[in-house]
Every structure is written in structure tokens, then in C-alpha cells.
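A.B. asks: Below is one structure. I have some questions about it.
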Amino acid sequence: MQEVILTELGIVALDGKRRAAAFPFADAAAEYMAVRRGEADVSGIAEHASSLDSGVAVNDAALLEALRARSVEARAMDEEGVGRVQSEKLAILVEAGFASDERDAEARLRDFAMGLSSARVGEASQSDDAHIMQAIRAMDEADRALNGHNSRLREWYGLHFPELENVIDGIAAYARVARIGARGDITREALGGAGLDPTVAEMVATVAPKSRGGDISGPSLAVVRELAGHILGLASHRRALEEHVTAEMERVAPNTAAILGALIGARVISRAGGLKRLSSMPASSIQVLGAEKALFRSLKTGALPPKHGLLFQHPLVHASPR
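Taken in order, the sequence shown gives residues 313 to 634; the numbers are from the numbering used here.
Okay, here's the thing in C-alpha cells:
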């Protein structure tokens with residue numbers, strides 16, 4: 313029985329230790345990956361194997377399935393055979409004609425390894441879930457920046473208009489008022505032009521003239537207004553990121569988005585390291601994604617392990633009775 317061997321440089325059929333047929337790869341990394349994915353044209357080796365009476369033994373599962381799909385009598389090579397192929401790889405490459413000698417074979421394998429690494433990096437960077445991961449991370453970073461800038465704006469502008477803190481909760485709404493400027497400039501017309509809700513605008517306009525906050529200098533007020541404008545721009549950018557993540561999740565991972573929601577689903581994919589890795593994770597690992605520090609702390613100290621991580625953000629989880 314001949315052996316059909318997938319190597320990094322091509323496919324070879326060996327009769328004993330002698331070459332019976334060889335099919336070199338023109339683009340080693342790309343064609344090797346295509347065979348492993350079951351997408352390669354294996355008609356040449358299939359035609360050769362079909363002409364044999366005793367069938368063939370194959371060292372690669374994907375190649376085996378491709379040959380069987382073409383009605384070739386083939387079986388998987390045993391572990392001993394696979395180990396022998398690995399140990400004799402250089403000699404096999406030379407016998408197949410893929411290299412002139414063993415030194416040349418080593419050089420070609422190094423080139424293959426570099427090409428394969430580059431191809432995999434390129435493939436990973438083109439995957440849709442990689443872009444979702446970057447987008448949700450950018451959105452979460454925007455949230456952290458917004459919260460930090462909002463706290464600073466409230467403390468700073470609060471020196472001039474402290475009562476506003478108790479009237480407005482929203483980050484963007486507070487920034488719109490601060491963007492107007494000094495208390496004396498906060499009128500119903502100015503608030504309406506800033507896009508505030510009429511009811512809230514009426515409350516702010518009523519409170520502003522009675523404020524007991526201190527005066528603020530022109531230069532300080534200019535910086536405060538600039539900070540408020542930066543917050544509004546960042547909030548707009550954050551909304552655009554959320555819309556993008558939602559649209560991409562519905563396109564790339566609709567089932568995950570339907571179950572977890574687009575944003576939580578994207579965070580779970582990001583924490584898992586990709587959609588493919590998430591799909592192969594056991595439920596127990598998915599349950600504690602985002603709570604790794606607490607999990608390791610429990611292993612180290614003997615404390616109770618975390619029950620949930622990112623999934624706790626889902627309303628059905630955090631609103632459920634304990």
C-alpha cells in the first residue's frame with residue numbers, strides 16, 4: 313500500500329521509500345492551508361491514488377477526507393507511520409523532488425514557516441470578528457474616558473454652578489450646559505439651542521440666577537468650555553462606535569447578538585479572543601469570562617470562586633433573584 317503524505321512543500325505518494333508521484337505546491341503556505349481547510353484541488357493525487365488496487369494510507373485528516381470525497385480508497389496512517397514521516401521529513405522532501413538535498417529542504421521549510429506565519433496573521437487581521445473586537449474595545453475605552461472627563465468637568469464647573477450637579481445626571485446634557493459658559497449666559501433660549509429637554513431647561517434656567525457658586529475667570533471658563541466640547545465630541549464618537557458594533561454583530565454573529573445583545577456579545581467575543589475560540593469554549597469557561605482575576609484569587613486564597621463575569625451585565629442575569 314502506498315503512502316500519500318502531505319508535506320509543507322507539496323503532496324507526495326511513496327511506494328516504500330521511493331517516490332511514486334509528487335505534486336509540488338507553487339505557493340507553499342497558501343496551498344498547504346487550502347489543503348488543511350479542505351479547499352484545495354487534489355485531483356492530481358486523487359487520480360494517481362484511484363489507479364492503485366490496494367488503496368493508500370494518508371497522514372493528514374483533511375487530505376484523507378478530500379480523497380474519500382473523490383471515491384479514493386484511503387485510510388488514516390497509524391501513529392507510528394505519522395511519527396516516522398515527521399522524523400524522516402527532510403529525506404522525504406528530497407525524495408519527492410521538493411528539495412535538492414537536506415540542507416535545501418531545511419531552508420525551504422524555514423521559508424515555509426515564515427510564509428505560513430505571515431499568511432495566518434493576514435488571515436486573522438481580515439476576519440470580521442477581529443474588527444468587532446477592536447471596535448468594542450474602542451467603545452469601552454471611550455466610556456472610561458467619558459467618565460473621567462465628566463467627573464473632572466463636574467468638579468471644575470461645579471465651583472461656578474454647583475446646583476447643576478443635582479439637576480442634570482446625563483454626561484452629554486451636563487456638557488451642553490457647561491459649553492454655554494457662565495451662569496449669566498444660561499438662558500432658556502441658550503438651553504433650547506443646546507438641545508436640552510424643555511422641562512430640564514426650565515429647571516436649569518430657574519436655578520442658574522440663584523446659584524451660590526463662585527465667579528470664574530475668562531481663561532478658566534474658556535478651558536472648561538473646551539473640555540465640555542471635547543466631551544460632546546467623544547460622546548458622539550462613542551455613539552457611532554456603538555452603532556457600528558451593533559450592525560456588525562447582527563451581520564457576523566446574529567445568534568450571539570440575539571441571545572446576549574450586541575454589546576455584551578461583542579465583549580464576550582473580545583474576551584474569548586475571537587468567535588472561533590468562543591465557539592469551542594466549554595460553558596463553564598464562558599460563564600466566568602471577565603472574572604479571571606477573581607477566579608485566580610479564589611484558587612490562590614481558597615475564597616469562593618466567581619459565579620459569573622461579563623454575563624452578569626445581561627438584564628436576565630443581574631435582575632434575577634439571588
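Built from N, CA and C at the ideal position, the CB exists for glycine as well.
Take the Cβ of D372 as the centre, count every other Cβ of all protein chains shown within 10 Å, and call the residue buried at 16 or more, exposed below.
C.D. replies: The residue you call residue 372 lines up with position 60 of the sequence shown. Classification for D372: buried.
A.B. asks: With C-beta atoms as the reference, is I576 less than 8 Å away from H626?
C.D. replies: Position 264 of the sequence shown, counted from the start, is the residue given in the question as residue 576. Position 314 of the sequence shown, counted from the start, is the residue given in the question as residue 626. Yes, the Cβ-Cβ distance between I576 and H626 is below 8 Å.
A.B. asks: So for D327, helix, strand or coil by DSSP?
C.D. replies: Numbered from its first residue, the sequence shown carries residue 327 at position 15. Note: D327 maps to strand in three-state DSSP.
A.B. asks: By Cβ distance, which residues of its chain are closer than 6 Å to I498, with the 5 residues on each side in sequence left out?
C.D. replies: Here the question's residue 498 lines up with position 186 in the sequence shown. Once the five neighbours on either side are set aside, the close Cβ partners of I498 are I492 and A520.
A.B. asks: Tell me the rounded alpha-carbon separation between K605 and L572.
C.D. replies: Along the sequence shown, one-based indexing puts residue 605 at 293. Along the sequence shown, one-based indexing puts residue 572 at 260. So the two alpha carbons sit approximately 22 Å from each other.
A.B. asks: Taking R579 as the reference, give the member of M426, I543, L622 and E555 with the closest Cα.
C.D. replies: Here residue 579 corresponds to residue number 267 of the sequence shown, with the count starting at 1. It is L622.
A.B. asks: Please name the residue in A484, A487 and R466 whose C-alpha comes closest to that of E477.
C.D. replies: To locate residue 477, count along the sequence shown from 1; it is residue 165. Of the candidates A484, A487 and R466, the one whose C-alpha sits nearest the C-alpha of E477 is R466.
A.B. asks: Going straight from the alpha carbon of I528 to that of A494, what length do you get?
C.D. replies: For this step, residue 528 is matched to residue 216 along the sequence shown. For this step, residue 494 is matched to residue 182 along the sequence shown. So the alpha carbons of these two residues sit roughly 8 Å apart.
A.B. asks: Within 8 Å of any Cβ in chain C, is that where the Cβ of L611 sits?
C.D. replies: Among the protein chains of the structure shown there is no chain C, as only one such chain exists.
A.B. asks: According to the Cβ coordinates, are A450 and L553 closer than 8 Å?
C.D. replies: The residue given as residue 450 occupies position 138 in the sequence shown. The residue given as residue 553 occupies position 241 in the sequence shown. Yes, these two residues count as a Cβ contact at 8 Å.
A.B. asks: Less than 8 Å between the C-beta atoms of V368 and A361, yes or no?
C.D. replies: Position 56 of the sequence shown, counting from 1, holds the residue named residue 368. Position 49 of the sequence shown, counting from 1, holds the residue named residue 361. In this structure, A361 lies closer than 8 Å to V368 by Cβ.
A.B. asks: Can you say whether R488 is buried or exposed, counting buried as having 16 or more other CB atoms within 10 angstroms of its CB?
C.D. replies: Here residue 488 corresponds to residue number 176 of the sequence shown, with the count starting at 1. By the 10 Å Cβ count, R488 comes out buried.
A.B. asks: Looking at C-beta atoms only, is the number of pairs between the segment 527-542 and the segment 503-516 that lie closer than 8 Å three or more?
C.D. replies: Taking 8 Å as the limit for Cβ pairs, the verdict is that the segment 503-516 does not touch the segment 527-542.
A.B. asks: Given this structure, state the Cα-to-Cα distance separating V397 from T319, to the nearest angstrom.
C.D. replies: Mapped onto the sequence shown, residue 397 falls at position 85. Mapped onto the sequence shown, residue 319 falls at position 7. Computed Cα separation, rounded: 9 Å.
A.B. asks: Check whether the Cβ atoms of G395 and A334 sit closer than 8 Å, and answer yes or no.
C.D. replies: As a working note, residue 395 is residue 83 in the sequence shown. As a working note, residue 334 is residue 22 in the sequence shown. Not in contact: G395 and A334 (Cβ atoms no closer than 8 Å).
A.B. asks: When the Cβ atoms of the segment 420-433 are set against those of the segment 329-349, are three or more pairs found closer than 8 Å?
C.D. replies: Yes, since at least three Cβ pairs between the segment 420-433 and the segment 329-349 fall closer than 8 Å, the two stretches touch.
A.B. asks: In this structure, what does DSSP give as the bridge partners for P336?
C.D. replies: The residue labelled residue 336 in the question sits at position 24 within the sequence shown. In the DSSP output, where bridge partners are listed per residue, P336 has G322.
A.B. asks: Return the chain-ordered ranges of every alpha helix (DSSP H) run that is complete within the segment 539-586 and spans a minimum of 4 residues.
C.D. replies: Counting only runs of 4 or more, we get 566-572 and 574-584.
A.B. asks: Pull up the distance between the alpha-carbon of E385 and that of E400, whole angstroms please.
C.D. replies: Counting from 1 along the sequence shown, the entry for residue 385 is found at position 73. Counting from 1 along the sequence shown, the entry for residue 400 is found at position 88. Roughly 25 Å between the two C-alpha positions.
A.B. asks: What is the DSSP secondary structure of V316, counted as helix, strand or coil?
C.D. replies: Your numbering for residue 316 matches position 4 in the sequence shown. Strand at V316.
A.B. asks: Considering only residues of the same chain and omitting the five flanking positions on each side of A457, which have a CB-CB separation below 7 Å?
C.D. replies: As a working mapping, residue 457 is identified with position 145 in the sequence shown. Cβ within range, chain order: L546.
A.B. asks: What number of angstroms, rounded off, separates the C-alpha of T613 from the C-alpha of A603?
C.D. replies: Along the sequence shown, read from residue 1 onward, the residue named residue 613 stands at position 301. Along the sequence shown, read from residue 1 onward, the residue named residue 603 stands at position 291. So the two alpha carbons sit approximately 15 Å from each other.
A.B. asks: Within its chain, find whatever has a CB closer than 8 Å to the CB of T330; leave out the 5 residues flanking it on each side and keep chain order.
C.D. replies: Against the sequence shown, residue 330 aligns to sequence position 18. Before going on, a small fix: residue 330 reads as Arg here, not Thr. Excluding positions up to five away in sequence, the list reads E407.
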